[in-house]
Each structure stands twice: as C-alpha cells, then as structure tokens.
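Here is the structure we will look at.
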Amino acid sequence: MSCGRCPSPRLKGKRVIRVLIVDDQSLIRSGLRSALEAADGIEVVGEAADGFQAVSATREYRPDVVIMDLYLPHGGGVEATVQLVRMEESPRVLALTRFSIDDIVLQALNAGAGGFLEKDHIAGELAAAVRTLAAGGLVLSPEIMKKLVSQAPTRGSGFLGEKIRTLTDSERNVLALIGAGHPNQSIAETLHLSLASVKTHVSRMLARLGLENRTQAAILAHEADLVGA
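My numbering puts the sequence shown at residues 40 to 268.
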C-alpha cells in the first residue's frame, strides 16, 4: 500500500520521482504504470479515474508529477489541473489525450500544465517527460509553443519591454532559459548559479511579472523574443 505522507525514497543518492496517474480507463492506467515502473528513479504512488479523485489523491499521495488525461468524467482534466497547480505544494502536470493539439490541451497548458504528450505517440517519451517536469523543465514542442503564443492576450512591445525591465539581469536570463524549456539544474549549470539561487530567481521573476507558473513565463519569454537572443 502506498504511503501518502512518507518522504520520497532515494535511489543511489537521488530522490525518487513520485507519480500519480489519472485516466478513466483502467487499461490505460495499467499501461502507463507498467511503462513507468520499468524506469529507474520513478515510483507510481497512486491512480485516479476522474477529476475529483485526481484532486483528493494528490492531497493524499503528494506526487511530484501528475499524468493527467484531459477528457475525464466528474470534473474534467483542465478543471483538475487548475486546482492542482494552485495547491501550496503543487505537483507538475503532464497532460495526455488521444488527440493532437486542440483547445482543451491549450487550456490545460495555459492553466499551468507543464507538458503535453499524445497517448498514441507516448512510447519511449513518458519517463523522460516525467523526469523533465520533476526537474522543473517544460515538455512543449515548438508547434505547441507557437500556438500558445498566438492565443496569448495581445501585449504590445512597449508593455513587454516595461515588464522585462522590472527584472534583474539574472532573472531575465532565467526567464529566457525557461522559455527554451530548460529545467532548474540546466539553468544553474548554464548561468553558473546554485540550484537554490535559480529557484529563488524563478520565484521572484514570476512575482515581478505577475505570472502563476513556468508555462506562462515561457509564453512571455517567446513573446518578448528572449529565447535564443
């Protein structure tokens, strides 16, 4: 039986990533569990079959990453994602559907999901996506990012410039790397900072820009042409 209040175990000195699987089809949950249990450093701590269960199971098991089917009964995946990312110790959310990018996927990403995979093209990608999210990165293809930016509220260059000028140089550099999908460790190595410093810069940068999560920060970074600059 999984222990929702126990600290995460460690594997060879590294913290094991705790994962919650949310899908209304038991066969799919079983397949996702099997794929993740075959991967080193990942533990499936629980499952849920609908949006309501997803929220309660997250409170109970405190996963690092929630794999969320977006088309769920009893509180859809988008609604559940909104609640999860607003929790005090919020998990990262990986959105899944059987469909390519649609409005539901974009809603989930705008709500704070950190990545998206299609169920039919998930082989070999799931464990890597979970690790990326747990490390603070994003799992967003260039196509998805382009659509997210195109659907963002219109913000003129003057407004964006004013926002960016509120940041310190370090915060601006962190924002650019978040926009490029870098996890915290990669940002730390690139900027020659400690991991703790990166986390502090991320928190302060989000607060200065009035943003709620890394996905929103990545969208703004692309709007402001910071990525690759």
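We treat Cβ as the ideally placed atom computed from N, Cα and C, and that holds for glycine.
Tell me whether T205 sits in a helix, a strand or coil according to DSSP, three-state version.
-> coil
Give every residue of the same chain whose Cβ lies closer than 7 Å to the Cβ of G113, excluding the five residues on either side of it in the sequence, and list them in chain order.
-> First, the residue type needs correcting, since residue 113 is His and not Gly in the sequence shown. Cβ neighbours of H113 beyond the five flanking positions: D89, G90, F91.
May I ask you to list the residues that DSSP assigns as paired with T136?
-> E157
From what residue to what residue does the alpha helix (DSSP H) around R125 run?
-> From DSSP, R125 is part of no alpha helix (DSSP H); its letter is neither H nor E.
Could you check which residue in G151, T136, L234, P102 has the C-alpha nearest to that of L187?
-> Ranked by Cα distance from L187, the options G151, T136, L234, P102 are led by G151.
Kindly indicate which three-state DSSP category A260 falls into: helix, strand or coil?
-> helix
Below 8 Å between beta carbons: does that hold for F155 and V169?
-> no
Per-residue burial, E262 [other beta carbons within 10 Å of its own, 16 or more giving buried] | So E262 counts as buried.
Would you check if the distance between the CB atom of E39 and the CB atom of I60 is smaller than 8 Å?
-> Because the chain here runs from 40 to 268, residue 39 falls outside it and cannot be looked at.
For S41, I'd like the list of residues in its chain whose CB is within less than 7 Å of its CB, leaving aside the five on either flank, ordered along the chain.
-> In this predicted model, S41 has a pLDDT of only 41, less than 50, meaning its place in the structure is not dependable enough to derive any value.
In angstroms, rounded to a whole number, what distance separates the CA positions of S225 and E251?
-> 21 Å
Going by the beta-carbon positions, is the gap between E82 and R57 smaller than 8 Å?
-> yes
Please classify M244: is it buried, with 16 or more other beta-carbons within 10 angstroms of its beta-carbon, or exposed?
-> buried
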